[in-house]
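Residue numbers (the numbering used here), protein chains in the order written: chain A, 1 to 263; chain B, 1001 to 1263. Shown next, in structure tokens, is the structure this report addresses.
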């Protein structure tokens, strides 16, 4: 790809894999704005969180090269994709990293399991303004039209304004027509939990095995400043996510408690 | 295992696998205090972060049953281990979750890649006071004596005091004799990054592949309130880690910025 230095360089990735319609949509959005290098897992890697591949070698393969677009597939995780791109594919620091559009929401506590958001966090660690985008529709063919409309607003604003240091964005779109969307809301992650319900089965060799399944429980359904509330009320939710997980308030409490306990 | 309701129930896990000496040490520490159910990956799963197994079935196997101790192996990730334990193995909520002792530190930004810490975060999400413990020695046979001495202090204090809601602990031990340790310091995660250096090779079939490698760069080596500083100065570092990744300060900034931009 011949670099055009007048256009911003945008790194695109996802966790649903290189063939996911959500990636195709995000690439189409990105090429309107800048030169795009996209690298995505060779198959779906949902629920991989921030896993990195240490025990096995990684392979990458160029799938497509057009003017202003390179598309690569990678045998690793979403975090591997970002690391390989930064180290091997990019000739300069990108102006933006976009991850998604994920088929299925990554609101509330799903942020900790999400490969989509891990890629955005990894981008943030590398100092790249980074956005994870997801739609609350797990199907293979969601309607992305309202994601495109509102996603472009958020992307352009992030390109212009940048993001505070150590922050990336977790953007979730409700799966409703654009006309029904109330706007963009800056939110915090709702307190909630995936309640596991392992499905226990017996294989043909009479050995037990389990399938992980479950349902999401929102611990604060009435909290209007949360992403879950925003999505349920047809707003686009934008959660600023930290790459520093330390809690200052707890630090102060524990410092006092340990000082009182003596050495 | 016959439950003894006078003793606290302790859930133990790790990411180095069921045969790791660090797990053995942690189980030995835990059985002195309470009844123990331990479940760990059947082989090492470092760098798995908070990955969960969705595409494949999970299997568990009882390895050992003594008075006050059950040890299980699991085909999944550290987060899977915690979910399976909570859902299938525990008859009541444990008083404590201990994850480790990891062979190698999980200070600074390693918290995002660490399976050890993901297990602790998962425990925290389930409302269990949870501690990840790691020693700054990547070898297969670290000297755990100072981890035991200081680890027991932290474990007992956590059992007595509990932890603030939504907080788990990231404890790292310097790999030095107990006599050289200056004490326990409550810290924040140092700002830093693993700088990737992919090792590019060619396989016997002339296809390129990459091994992920790299080195850690501390962006603030002089910051005395960080875990990296504590460890380098022979303190045990204790970082309170949030299960809520939202940033309130960035929320306020972005709310203003988006309000000014209009709908």
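For each residue, glycine too, the CB sits at the ideal point set by N, CA and C. Because the structure is a prediction, the values reported are computed rather than measured.
Can you check which of these residues, A:247, A:7, A:243, A:238, is closest to residue 127 of chain A by C-alpha distance? Residue 127 of chain A has its Cα closest to that of A:243, out of A:247, A:7, A:243, A:238.
Taking residue 25 of chain A as part of the alpha helix (DSSP H), name the residues at either end of that continuous run. 21-31
Can you pull the DSSP bridge partners for residue 265 of chain A? This structure does not reach residue 265 of chain A, given that chain A is present from 1 up to 263, and the question cannot be answered.
Quick one: Cα of residue 224 of chain A to Cα of residue 1197 of chain B, how far? 44 Å
Is it buried or exposed, residue 208 of chain A, if we count other Cβ atoms within 10 angstroms and call 16 or more buried? exposed
Between which residues of its own chain and residue 86 of chain A is the CB-CB distance below 6 Å, once the five residues before and five after are set aside? 126
Suppose the cutoff is 6 Å on Cβ atoms and the five residues either side in sequence are ignored; what does the same chain contact list for residue 1236 of chain B look like? Cβ neighbours of residue 1236 of chain B within its own chain (closer than 6 Å, five residues either side excluded): 1150, 1173, 1184.
Using DSSP's beta-bridge definition, name the partner residues of residue 1149 of chain B. Answer by DSSP bridge pairing: none, since residue 1149 of chain B is not bridged.
Just the C-alpha distance for residue 964 of chain B and residue 1252 of chain B, rounded to the nearest angstrom, thanks. Any property of residue 964 of chain B remains undetermined from this structure, which presents chain B solely from 1001 to 1263.
To which residues of the same chain is residue 146 of chain A closer than 7 Å at the C-beta, ignoring the five residues directly before and after it? Same-chain partners within the cutoff: 173, 176, 177, 178, 181.
Listed by chain order, chain D residues near residue 207 of chain A by CB distance under 8 Å: Annotation note: the requested chain D is absent from the structure, which comprises protein chains A and B.
Along the beta strand (DSSP E) that carries residue 132 of chain A, what are the first and last residues, could you check? Per DSSP, residue 132 of chain A is one residue of the beta strand (DSSP E) stretching across 130-135.
Just to make sure I have the definition right: I need the residues of chain A whose C-beta is within less than 8 Å of the C-beta of residue 1101 of chain B. Which are they? By Cβ distance, chain A contributes nothing, its closest Cβ being about 19 Å from residue 1101 of chain B, past 8 Å.
Cut-off 6 Å between Cβ atoms - residues of its own chain near residue 1069 of chain B, not counting five sequence neighbours on either side: Excluding residues within five positions, the ones whose Cβ falls inside 6 Å are 1031, 1036.
Using a beta-carbon distance cut-off of less than 8 Å, what residues from the segment 242-259 of chain A approach chain B? 242, 243, 244, 245, 246, 247, 248, 249, 250, 251, 253, 254, 255, 257, 258
Closer than 7 Å by beta-carbon distance: list the chain A residues that pair up with residue 1018 of chain B, in chain order. Within chain A, no residue comes near residue 1018 of chain B; the closest Cβ sits about 17 Å away, beyond 7 Å.
Three-state secondary structure (DSSP) at residue 53 of chain A? Reduced to three states, the DSSP call for residue 53 of chain A is coil.
Simplified DSSP assignment, three categories, for residue 1233 of chain B: coil
Thinking just about the alpha-carbon of each residue, which of A:98, A:88, A:248, A:61 is nearest to the one in residue 43 of chain A? A:61
Considering only their Cβ atoms, is the gap separating residue 25 of chain A from residue 216 of chain A smaller than 7 Å? no
Integer-rounded CB distance, given that residue 1132 of chain B should sit under 8 Å from residue 1106 of chain B: 6 Å
Using beta carbons (cut-off 7 Å, strictly below), is residue 1232 of chain B in contact with chain A? no
In the DSSP assignment, what are the bridge partners of residue 217 of chain A? Residue 217 of chain A pairs with A:193.
Nearest to residue 15 of chain A by alpha carbon, out of A:229, A:33, A:93, A:50? Check the Cα spacing between residue 15 of chain A and each of A:229, A:33, A:93, A:50: the tightest is with A:50.
List, in chain order, every chain B residue whose beta-carbon is nearer than 9 Å to that of residue 84 of chain A. Neighbours of residue 84 of chain A on chain B, chain order: 1196, 1198, 1210, 1212.
Please report the distance separating the alpha-carbon of residue 163 of chain A from that of residue 1255 of chain B. 13 Å
For residue 1038 of chain B, which residues from the same chain have a beta carbon less than 6 Å from its beta carbon, with the 5 sequence-adjacent residues on both sides left out? 1012, 1027, 1071
Between which residues of its own chain and residue 1138 of chain B is the CB-CB distance below 7 Å, once the five residues before and five after are set aside? 1103, 1104
According to the neighbour-count rule (16 or more other Cβ atoms, all chains shown, within 10 Å of its Cβ), is residue 1227 of chain B buried or exposed? buried
Option nearest residue 152 of chain A by Cα separation, candidates A:171, A:112, A:64, A:18: A:171
Roughly how far, in whole angstroms, is the beta-carbon of residue 1148 of chain B from the beta-carbon of residue 1073 of chain B, given that I think they are within contact range, below 8 Å? Actually they are not in contact, since the Cβ atoms of residue 1148 of chain B and residue 1073 of chain B sit about 24 Å apart, beyond 8 Å.
Best match in B:1213, B:1010, B:1080, B:1156 for proximity to residue 55 of chain A [C-alpha to C-alpha]: Relative to residue 55 of chain A, the option among B:1213, B:1010, B:1080, B:1156 whose CA is nearest is B:1213.
DSSP three-state label for residue 246 of chain A, please. strand
Just confirm the distance between the C-beta atoms of residue 1161 of chain B and residue 250 of chain A, as a whole number of angstroms; I'd bet it's less than 8 Å. 12 Å between Cβ atoms; not a contact.
Relative to the alpha-carbon of residue 1080 of chain B, which residue among B:1063, B:1059, B:1241, B:1091 has its alpha-carbon at the smallest distance? B:1059
Cβ shell of residue 1120 of chain B (< 8 Å), same chain only, five flanking positions each side left out: 1097, 1099, 1130, 1131, 1132, 1168, 1169, 1170, 1241
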